[in-house]
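Student:
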Amino acid sequence: MSPKVYIGGKLYDKADAKISVFDHGLLYGDGVFEGIRSYSGKVFRLAQHVDRLFDSARAIHLEIPLSREQMARAIEDTLAANKLTDAYIRVVVTRGAGSLGLDPRRTTDPQVIIITDQISLYPEELYEHGLKIITAGTTRNHPNALNPRIKSLNYLNNILAKIEGTNAGCLEALMLNHKGEVAECTGDNIFLVSRGVVHTPSKDSGILEGITRDAVIELARAANYAVVERTMDRYDVYTADECFLTGTAAELIPVVECDGRTIGSGRPGPVTKDLHKRFHGLVRGDR
Ligand code: PMP
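Sequential numbering from 181 applies to the sequence shown in the numbering used here.
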């Protein structure tokens, strides 16, 4: 069966799923998006993803032509139409087609697009052995330029850092904020474990407020780990006992090296493994 893509209330075969080349989403990266997962037919934290999408849209003056309830239903219906139970779901809302020129008033018709697919971000063995990362020279967007809390279609900042990572033979790259503090990786939030305490950059560090990040903080606290959201720098990463990344696509993946420094023992540590198991239980087990 050909995958069905939702565009503006209708389902299209993948080959026919097209939008205008005059859409400002394409011309200027003008729009917002979400990456969501469903496990065993249940969409993980759907309401939270829909809220973040609407918040991002509000922040860029984009009115989504659906209510939050209609958006949630459209996502579930698209998943059902594709007969998928375990899936990655991409929701995109573009500014819509208009004439050339930045002014959003030149556009009409924001486009709501929902794509469902299967995704595996990293090879399975890296979940066991851990990733190597480098710090990118590209600084994470300044919050007063394009706030990283907005999940906008303009991902070039992250893509440039990702290219630096891949050029250095790494699948992820660490991004610092404009103050030189640790922010996040190109598509994931970062956590450290030091002396049994779990640390992650605070929400004002210039990060996307990851939904997996939230879930892992809740899981860690429920398991009686102390969790500290704070400002951190690269020294903290180099000297941590453990490090891992979280994201919808990546889920929870260990990091064992950063900028050529071995982190902890160079193997995924016990807290990372424990939280990974708990995360797996949360999303794939009973909720
Ligand atoms: N930071 C960035 C830059 C991301 O693109 C993502 C992936 N959406 C994350 C963090 C993780 O967010 P989430 O857990 O909501 O997927």
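Heads up, the beta-carbon is just placed ideally off N, CA and C, and yes, glycines get one too.
1. Give a yes or no on contact between the region 284-294 and the region 182-196, applying the rule of three or more CB pairs nearer than 8 Å.
2. For the beta strand (DSSP E) containing residue 297, name the first residue and the last one.
3. Using DSSP's beta-bridge definition, name the partner residues of residue 342.
4. My assumption, with CB atoms under 8 Å, is that residue 362 sits in contact with residue 416. Please give the rounded CB distance.
5. Hey, how far is the Cα of residue 391 from the Cα of residue 270?
6. Less than 6 Å between the CB of residue 369 and some heavy atom of the ligand PMP, yes or no?
7. Just grab the DSSP bridge partners of residue 286 for me.
8. Going straight from the alpha carbon of residue 307 to that of residue 434, what length do you get?
9. Excluding sequence positions up to five away, which residues of its chain have a Cβ less than 6 Å from the Cβ of residue 279?
10. Can you name, in chain order, every residue of its own chain whose Cβ lies under 7 Å from the Cβ of residue 352, other than the five neighbours on each side?
11. Quick check: the Cα distance between residue 248 and residue 261, rounded to an integer number of angstroms?
12. Can you round the beta-carbon distance between residue 315 and residue 354 to whole angstroms, since I take them to be within the 8 Å contact cut?
13. Considering only residues of the region 394-436, which uninterrupted alpha helix (DSSP H) runs meet the minimum length of 4 residues and lie entirely inside it, listed in chain order?
14. Is residue 392 near the ligand PMP, going by C-beta to nearest heavy atom under 6 Å?
15. Within 10 angstroms of its Cβ, does residue 468 collect 16 or more other Cβ (buried), or is it exposed?
16. From residue 398 to residue 203, what does the alpha carbon distance come to, in whole angstroms?
17. Could you spell out where the beta strand (DSSP E) holding residue 374 opens and where it closes?
18. Relative to the ligand PMP, is the shortest distance from any of its heavy atoms to the C-beta of residue 427 smaller than 6 Å?
19. Could you tell me if residue 300 is buried or exposed, where buried requires 16 or more neighbouring beta carbons within 10 angstroms of its beta carbon?
Tutor: Walking through what the data contain:
1. yes
2. 291-297
3. Residue 342 pairs with nothing; no bridge assigned.
4. 7 Å
5. 15 Å
6. yes
7. According to DSSP, residue 286 bridges with nothing at all.
8. 6 Å
9. 286
10. Residues 311, 313, 345, 365, 366, 368, 425 of the same chain have their beta carbon placed closer than 7 Å to that of residue 352, with the five preceding and five following residues left out of the count.
11. 20 Å
12. 5 Å
13. 414-419
14. yes
15. The question about residue 468 has no answer, for the chain in this structure spans 181 to 467.
16. The alpha-carbon separation between residue 398 and residue 203 amounts to approximately 39 Å.
17. 369-374
18. With a cutoff of 6 Å, residue 427 counts as near the ligand PMP, since its C-beta is closer than that to a heavy atom of the ligand.
19. exposed
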